[in-house]
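Each remark here refers to the structure printed beneath this line.
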Amino acid sequence: MLLIAGCGTVERSPVPDASTPVGPLDLERPVGRATGRQLLALKNDPDRCRATLAASRLQVRALENRRNGAFCHYSDVVQILRSTVPYSGPVHLTCPMAAALYLWERDIVAPAAVKYLSSRLVRIDHMGTYSCRRRQGGSSNRPSEHATANAIDVSGFRLEDGRRVTVLGDWSQGTTAERAFLREIRDRACGLFQVVLSPDYNAAHRDHFHLDMGDWGVCR
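Just so we're aligned: 106 in the UniProt record's numbering is position 106 of the sequence shown, and the numbers increase by one with no gaps anywhere.
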């Protein structure tokens, strides 16, 4: 539902199969091996992306285009108003990122919570989406995908039984089930997002999963 107003390094190449044909993406169909390619197609087709969101159960509000300085800007960005679970704070993302995040939370994170932790997912905690900054905080590095609202940093997951599983606390020190949960949702995110960075990447990501729809194709 779209409400208009004035959210080791591995290279991946999604391979289609019969369960998910290469063509227009239907967000209400289960994730298949071609879903990553379908999401990529939305990056260059804003009209199709908006139509894809509008045909889904995801509720969003279109945001006005924004420019802040030399490299911080965004266009075709939406705010997620209602998804399968709430988030800890506002989620402002490019349209393809919103689509990928919806699929990840519904078809990957929520089932994995039940599978490994025997409790339903009730909230996703994050550290931000749009932020005017360069990569890794450097003064001369390339602009971050956050600078165009094309990324989200996910830090933890709230469960129906009251538990909170966090990347910082449970990636290395959690129970066997908690560690398996975090690794499965990281690994399977790589089929939807272009870049997935976890504590395995570097110390800067020790407390979150960085997910974006940039051009690098990194999963670590």
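Heads up, the beta-carbon is just placed ideally off N, CA and C, and yes, glycines get one too.
In the DSSP assignment, find the alpha helix (DSSP H) that holds residue i and state where it starts and stops.
i: F71; result: Careful: F71 lies outside any alpha helix (DSSP H) and carries neither H nor E.
i: D187; result: T176 to A189
i: L53; result: P46 to A54
i: T35; result: T35 to K43
Which residue comes first and which comes last in the beta strand (DSSP E) that contains residue i?
i: V109; result: V109 -> no beta strand (DSSP E), and no H or E assigned at all.
i: V167; result: Where V167 is concerned, there is no enclosing beta strand (DSSP E), although the alpha helix (DSSP H) it sits in stretches over V167 to D170.
i: R123; result: L121 to G128
Just the Cα atoms here: how many angstroms apart are residue i and residue j?
i: V167; j: V31; result: 24 angstroms
i: R106; j: G156; result: 15 angstroms
i: L192; j: T35; result: 7 angstroms
i: L53; j: S198; result: 27 angstroms
i: C72; j: A180; result: 36 angstroms
i: N44; j: R50; result: 12 angstroms
i: H205; j: V77; result: 25 angstroms
Can you tell me which residues form a DSSP beta bridge with residue i?
i: H210; result: D153 and L197
i: C219; result: V196
i: Q173; result: For Q173, which the question treats as bridged, DSSP gives no partner whatsoever.
i: T94; result: V77
i: P86; result: Partner(s): none; P86 has no beta bridge.
i: L159; result: L121
Using only CA atoms, which one of the options lies nearest to residue i?
i: residue 263; options: G89, P111, G128 and T148; result: Past the boundaries of the shown model lies residue 263; the chain is included only from 1 to 220, so the question cannot be answered.
i: S131; options: L81, S119, L42 and G69; result: G69
i: residue 263; options: A110, W216, D125 and M127; result: In this structure the chain extends from 1 to 220, so residue 263 is not present and cannot be described.
i: L63; options: Q79, C49, D200 and D153; result: Q79
i: A189; options: T175, L101, N150 and N44; result: L101
i: R123; options: D200, L117, E160 and G214; result: E160
i: Q194; options: W104, S75, D215 and R57; result: D215
Is there a C-beta anywhere in chain C that falls below 7 angstroms from the one on residue i?
i: A34; result: In the displayed structure, chain C is absent; only one protein chain is listed.
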